[in-house]
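First to last, the sequence lines map onto chains W and Y. The first sequence begins at 1 in the UniProt record's numbering and counts up one residue at a time. The second sequence begins at 1 in the UniProt record's numbering and counts up one residue at a time. Here is the structure we will look at, set down as structure tokens.
Protein chains: 2
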Amino acid sequence: MTKKKTSADKGLDFGILPSLAGYQLRLAQIAIFRDFAAALGEFDVTPGLFGVIVIIDANPGLKQSELARAAHLDRSTVVSVIDNLERRGLVERRPAENDRRSNALVLTPDGVALLKKLKRRVGEHEKRLVEHLSEEERVTLVRLLQKIFPEQRLTQSHT
Amino acid sequence: MTKKKTSADKGLDFGILPSLAGYQLRLAQIAIFRDFAAALGEFDVTPGLFGVIVIIDANPGLKQSELARAAHLDRSTVVSVIDNLERRGLVERRPAENDRRSNALVLTPDGVALLKKLKRRVGEHEKRLVEHLSEEERVTLVRLLQKIFPEQRLTQSHT
DNA sequence: CTTGTATTGTTAGACATCAAACAATTTGAC
DNA sequence: GTCAAATTGTTTGATGTCTAACAATACAAG
Numbered sequence: 001m002t003k004k005k006t007s008a009d010k011g012l013d014f015g016i017l018p019s020l021a022g023y024q025l026r027l028a029q030i031a032i033f034r035d036f037a038a039a040l041g042e043f044d045v046t047p048g049l050f051g052v053i054v055i056i057d058a059n060p061g062l063k064q065s066e067l068a069r070a071a072h073l074d075r076s077t078v079v080s081v082i083d084n085l086e087r088r089g090l091v092e093r094r095p096a097e098n099d100r101r102s103n104a105l106v107l108t109p110d111g112v113a114l115l116k117k118l119k120r121r122v123g124e125h126e127k128r129l130v131e132h133l134s135e136e137e138r139v140t141l142v143r144l145l146q147k148i149f150p151e152q153r154l155t156q157s158h159t
Numbered sequence: 001m002t003k004k005k006t007s008a009d010k011g012l013d014f015g016i017l018p019s020l021a022g023y024q025l026r027l028a029q030i031a032i033f034r035d036f037a038a039a040l041g042e043f044d045v046t047p048g049l050f051g052v053i054v055i056i057d058a059n060p061g062l063k064q065s066e067l068a069r070a071a072h073l074d075r076s077t078v079v080s081v082i083d084n085l086e087r088r089g090l091v092e093r094r095p096a097e098n099d100r101r102s103n104a105l106v107l108t109p110d111g112v113a114l115l116k117k118l119k120r121r122v123g124e125h126e127k128r129l130v131e132h133l134s135e136e137e138r139v140t141l142v143r144l145l146q147k148i149f150p151e152q153r154l155t156q157s158h159t
């Protein structure tokens, strides 16, 4: 019988939580977010923001709606995010060629320069993350994570 | 050479993101959150809120600060969360025995009843999550996730 | 006991995110 | 070509989270 409730100040009972993969995922993500913030806090960039910058860099000229879908953000959220990045001089909204409704997003030279620094920091952060994992374990982890969300299959056009 | 940028509407380039364990974790968590919301949306309960309820159930009488530490929330956030749950009649703030500053948190009968339903739904959700994983893979995933976040450092106070 | 320090719950202010509504524009049906 | 339907970016309002400050209470040193 290990069932002992309110044992001590620190010895809290987490019930069924630890057995849930979703919970472990959540814990891992919280820890990652903290380390990421500590590593990049100086630049005021969150994991999500980093992703946005990388995507714009890799797809110059993409529209806000496309960015929203790619980054799993709402269109309205992208407005704030790009406002933010534009205010910092990292991203530019250009009129799209074919569509007068859309903006074509591109990184400014400052944005490109910052991204370079960020990538180095993220690389270190990533290394720290998988510090206690062998290369094989790291690959396995990524593979299992990808198996979890079937959303991945949307990457190939589904229509 | 698979390097082809802005190939089509759907064929976006995600740069280095897919190779990052942190990114895959983030994607997985987004997918999980969506499925969780779909499974429990009817009850207006998020993964975090579910965790809070489970922890209170497993540690009746715990203080708000203890809950904050356990659930990785700020003390001020716990105020809102408990306000919410108390408004719904699921949790009760009782005066703590030894400490007139603290509240002792307990689930109401309604809270206990709801938790029972929630657990069933979460079980189904969890099963869906690991649907494409063998039992061995599931165990491996949880083990690797635990290896990622050295929570042991958080467990021991550093001062 | 008195006094300084720490802890607890709370409020106020900031920020990120989402959903709903909107005008401008594009697309598709006829 | 005309007009309804869909898409795009935006604004507004709601929610959840954090940090910084605060008063009340507990604790520790003398």
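Just so it is clear, CB atoms sit at the ideal spot from N, CA and C, and this is done for glycine as well.
- The beta carbon of residue 40 of chain Y sits closer than 6 Å to those of 121, all from its chain and outside the five residues before and after it, given in chain order.
- In this structure, the alpha-carbon of residue 135 of chain W lies about 33 Å from that of residue 124 of chain Y.
- Looking at Y:90, Y:55, Y:19 and Y:102, the one whose alpha-carbon comes closest to that of residue 108 of chain Y is Y:90.
- A contact is defined here as three or more CB-CB pairs under 8 Å, and the region 11 to 22 of chain W meets this definition with respect to the region 38 to 57 of chain Y.
- Contact with chain W is absent for residue 108 of chain Y, since none of that chain's Cβ atoms lies less than 8 Å from the residue's Cβ.
- In the three-state scheme derived from DSSP, where H, G and I count as helix and E and B as strand, residue 92 of chain W is classed as strand.
- Assignment of beta-bridge partners to residue 106 of chain W by DSSP yields W:92.
- Look at the region 11 to 30 of chain W: the residues with a C-beta under 9 Å from a C-beta of chain Y are 12, 13, 14, 15, 16, 17, 18, 19, 20, 21, 22, 23, 24, 25, 26, 27, 28, 29 and 30.
- In the structure shown, residue 62 of chain Y falls within a strand segment according to DSSP collapsed to helix, strand and coil.
- Chain W has a Cβ within less than 8 Å of the Cβ of residue 59 of chain Y.
- Residue 26 of chain W sits buried, since 16 or more C-beta atoms from the chains shown fall within 10 Å of its C-beta.
- Under the three-state reduction of DSSP output, residue 74 of chain W falls in the coil class, being neither helix nor strand.
- The three-state secondary structure of residue 45 of chain Y, taken from DSSP, is coil.
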